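Count along the sequence shown starting at 1, add 247, and that's the number in our numbering.
The beta-carbon is built from N, C-alpha and C at its ideal position, and this holds for glycine as well.
Computed from a predicted model, the values in this text were never measured in an experiment.
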Amino acid sequence: MACVVGQRMVKKLMVCMAVGGSLLTPLSAASAVAPVAPAAAQAGQEVDVQVGMDGRDRFSPEMITASPGDTVTFHFHRSADGVAESTSRLSDPCHSLGGFDSGTRGEGDNFSIIVSTHNAVYIHNPSACGKGMVAIINPGPNDSVETFRQAAVAQEG
248 MACVVGQRMV KKLMVCMAVG GSLLTPLSAA SAVAPVAPAA AQAGQEVDVQ VGMDGRDRFS
308 PEMITASPGD TVTFHFHRSA DGVAESTSRL SDPCHSLGGF DSGTRGEGDN FSIIVSTHNA
368 VYIHNPSACG KGMVAIINPG PNDSVETFRQ AAVAQEG
(Lines of atoms letter the chains of each structure in order from A and count residues from 1; the text may use other names and numbers.)
(Lines give C-alpha, C1' and ligand atoms only; values in the text may rest on other atoms or scores of the structure.)
Protein backbone atom coordinates (compact mmCIF):
# COMPACT_ATOMS: atom_id res chain seq x y z
CA MET A 1 0.00 0.00 0.00
CA ALA A 2 1.33 3.51 -0.72
CA CYS A 3 0.29 7.08 0.00
CA VAL A 4 1.38 10.16 -1.85
CA VAL A 5 2.65 12.66 0.70
CA GLY A 6 3.29 16.02 -0.92
CA GLN A 7 5.64 15.20 -3.77
CA ARG A 8 6.81 11.84 -2.47
CA MET A 9 5.36 8.38 -2.21
CA VAL A 10 5.56 6.50 1.07
CA LYS A 11 4.94 2.75 1.26
CA LYS A 12 3.45 1.44 4.46
CA LEU A 13 2.76 -1.99 5.80
CA MET A 14 -0.27 -1.24 7.93
CA VAL A 15 -1.44 2.38 7.89
CA CYS A 16 -1.92 4.74 5.01
CA MET A 17 -3.70 7.95 5.88
CA ALA A 18 -3.59 11.13 3.86
CA VAL A 19 -6.16 13.34 5.53
CA GLY A 20 -6.82 16.68 3.90
CA GLY A 21 -5.73 19.57 6.07
CA SER A 22 -3.54 17.51 8.36
CA LEU A 23 -0.23 19.12 9.21
CA LEU A 24 1.42 15.78 9.87
CA THR A 25 1.61 12.59 7.90
CA PRO A 26 1.33 9.21 9.62
CA LEU A 27 3.98 6.76 8.50
CA SER A 28 3.13 3.42 9.98
CA ALA A 29 1.61 1.41 12.72
CA ALA A 30 4.85 -0.36 13.55
CA SER A 31 7.54 1.92 12.14
CA ALA A 32 8.00 -0.39 9.17
CA VAL A 33 8.49 2.19 6.47
CA ALA A 34 10.09 1.97 3.07
CA PRO A 35 10.16 5.51 1.65
CA VAL A 36 10.40 5.80 -2.11
CA ALA A 37 11.94 9.22 -2.71
CA PRO A 38 15.24 10.88 -3.54
CA ALA A 39 17.76 10.78 -0.69
CA ALA A 40 17.61 14.56 -0.23
CA ALA A 41 13.84 14.42 0.36
CA GLN A 42 14.35 11.81 3.07
CA ALA A 43 16.83 13.91 5.04
CA GLY A 44 15.40 14.74 8.43
CA GLN A 45 16.03 14.21 12.09
CA GLU A 46 14.52 11.47 14.21
CA VAL A 47 12.60 12.68 17.27
CA ASP A 48 11.53 10.12 19.88
CA VAL A 49 8.55 10.63 22.18
CA GLN A 50 7.78 8.21 25.01
CA VAL A 51 4.10 7.47 25.67
CA GLY A 52 3.01 6.34 29.14
CA MET A 53 6.54 5.63 30.35
CA ASP A 54 6.75 4.46 33.97
CA GLY A 55 2.95 4.11 34.01
CA ARG A 56 2.44 7.89 33.91
CA ASP A 57 -0.28 9.64 31.92
CA ARG A 58 2.30 11.74 30.09
CA PHE A 59 4.17 12.14 26.82
CA SER A 60 7.90 12.68 27.25
CA PRO A 61 8.82 15.23 26.16
CA GLU A 62 5.57 17.20 26.23
CA MET A 63 6.98 20.09 24.18
CA ILE A 64 8.40 18.58 21.00
CA THR A 65 10.53 20.52 18.53
CA ALA A 66 10.69 19.16 14.98
CA SER A 67 11.32 20.68 11.57
CA PRO A 68 9.46 19.87 8.35
CA GLY A 69 10.80 16.54 7.11
CA ASP A 70 11.64 15.27 10.60
CA THR A 71 10.16 11.97 11.74
CA VAL A 72 8.53 11.88 15.17
CA THR A 73 8.19 8.36 16.54
CA PHE A 74 5.90 7.66 19.49
CA HIS A 75 7.04 4.69 21.61
CA PHE A 76 4.25 3.08 23.65
CA HIS A 77 5.13 1.73 27.10
CA ARG A 78 1.77 0.31 28.16
CA SER A 79 -1.40 -1.08 26.64
CA ALA A 80 -4.43 0.92 25.51
CA ASP A 81 -2.66 4.22 24.74
CA GLY A 82 -2.73 6.21 21.52
CA VAL A 83 -1.83 9.56 20.02
CA ALA A 84 -4.05 11.80 17.91
CA GLU A 85 -3.86 15.28 16.45
CA SER A 86 -6.08 17.61 18.51
CA THR A 87 -7.90 20.80 17.87
CA SER A 88 -5.85 23.69 19.24
CA ARG A 89 -8.93 25.20 20.85
CA LEU A 90 -8.78 25.22 24.61
CA SER A 91 -12.57 24.94 24.61
CA ASP A 92 -12.34 21.46 23.02
CA PRO A 93 -8.84 20.07 23.71
CA CYS A 94 -9.69 16.35 23.66
CA HIS A 95 -11.40 16.42 20.27
CA SER A 96 -9.46 14.91 17.38
CA LEU A 97 -8.85 17.26 14.49
CA GLY A 98 -9.27 14.56 11.88
CA GLY A 99 -5.55 14.48 11.14
CA PHE A 100 -3.37 11.63 12.29
CA ASP A 101 -4.57 9.07 14.83
CA SER A 102 -2.55 6.02 15.87
CA GLY A 103 -5.55 4.14 17.16
CA THR A 104 -5.10 2.10 20.32
CA ARG A 105 -1.59 0.73 20.70
CA GLY A 106 -0.03 -1.85 22.95
CA GLU A 107 3.14 -1.94 24.98
CA GLY A 108 6.20 -2.00 22.71
CA ASP A 109 4.38 -0.56 19.68
CA ASN A 110 5.60 2.48 17.75
CA PHE A 111 3.80 5.01 15.56
CA SER A 112 5.61 7.53 13.35
CA ILE A 113 4.66 10.75 11.58
CA ILE A 114 6.53 13.11 9.28
CA VAL A 115 6.28 16.75 10.31
CA SER A 116 5.32 19.05 7.44
CA THR A 117 5.09 22.45 9.16
CA HIS A 118 6.74 24.72 11.71
CA ASN A 119 3.27 25.57 13.10
CA ALA A 120 2.13 24.31 16.49
CA VAL A 121 0.34 20.96 16.43
CA TYR A 122 -1.57 19.91 19.54
CA ILE A 123 -1.74 16.19 20.33
CA HIS A 124 -3.47 14.04 22.94
CA ASN A 125 -3.95 10.45 24.03
CA PRO A 126 -7.66 9.80 23.36
CA SER A 127 -7.91 7.33 26.26
CA ALA A 128 -6.17 9.59 28.81
CA CYS A 129 -6.75 13.15 27.59
CA GLY A 130 -9.00 13.90 30.55
CA LYS A 131 -6.10 12.94 32.81
CA GLY A 132 -3.98 15.59 31.11
CA MET A 133 -2.09 13.40 28.65
CA VAL A 134 -1.37 16.08 26.06
CA ALA A 135 1.64 17.54 24.24
CA ILE A 136 2.48 20.14 21.61
CA ILE A 137 4.72 19.74 18.58
CA ASN A 138 6.44 23.05 17.72
CA PRO A 139 4.77 25.17 20.41
CA GLY A 140 4.62 28.87 19.62
CA PRO A 141 5.47 31.63 22.07
CA ASN A 142 1.88 31.71 23.38
CA ASP A 143 1.39 27.92 23.52
CA SER A 144 1.51 26.24 26.93
CA VAL A 145 1.29 22.52 27.62
CA GLU A 146 0.13 23.29 31.15
CA THR A 147 -2.76 25.46 29.90
CA PHE A 148 -3.65 22.76 27.34
CA ARG A 149 -3.53 20.10 30.10
CA GLN A 150 -5.74 22.13 32.46
CA ALA A 151 -8.31 22.60 29.70
CA ALA A 152 -8.26 18.85 28.93
CA VAL A 153 -8.75 17.89 32.58
CA ALA A 154 -11.54 20.46 32.98
CA GLN A 155 -13.34 19.18 29.87
CA GLU A 156 -12.92 15.44 30.32
CA GLY A 157 -11.70 14.87 33.88
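Cβ shell of residue i (< 6 Å), same chain only, five flanking positions each side left out
i    : result
L337 : A398
D356 : F323
D390 : A367, I383
G353 : S326
Beta-carbon proximity list for residue i, same chain, < 8 Å, skipping 5 on both sides
i    : result
D301 : H324
G377 : C341, A399, V400, Q402, E403, G404
V392 : E309, M310, V381, A382, I383, P386
D317 : G291, Q292, E293, V294, I361, V362
D339 : Q402
Residue range of the unbroken beta strand (DSSP E) whose run includes residue i
i    : result
E293 : 293-298
T394 : Taken as a continuous stretch (DSSP letters only), T394 belongs to no beta strand (DSSP E), being part of the alpha helix (DSSP H) at 392-403.
D348 : 343-348
H371 : 368-371
T320 : 318-323
Selected residue, minimal CA-CA separation from residue i, among the options
i    : options                : result
E403 : N389, G387, S374, A382 : S374
F321 : P315, G299, S335, D339 : G299
V294 : D304, E354, P388, F358 : F358
F395 : G329, A313, T334, S326 : T334
I360 : D304, S343, D328, S349 : S349
V330 : D317, Q297, A313       : Q297
S343 : H371, A313, T312       : H371
Local conformation of residue i per DSSP, three classes
i    : result
E332 : strand
D356 : coil
N385 : coil
P282 : Here the model assigns P282 a pLDDT of 31, short of 50, so the residue's position is not dependable and the matter cannot be decided.
Sequence-distant residues of the same chain with beta carbon closer than 7 Å to residue i, five excluded per side
i    : result
R305 : M380
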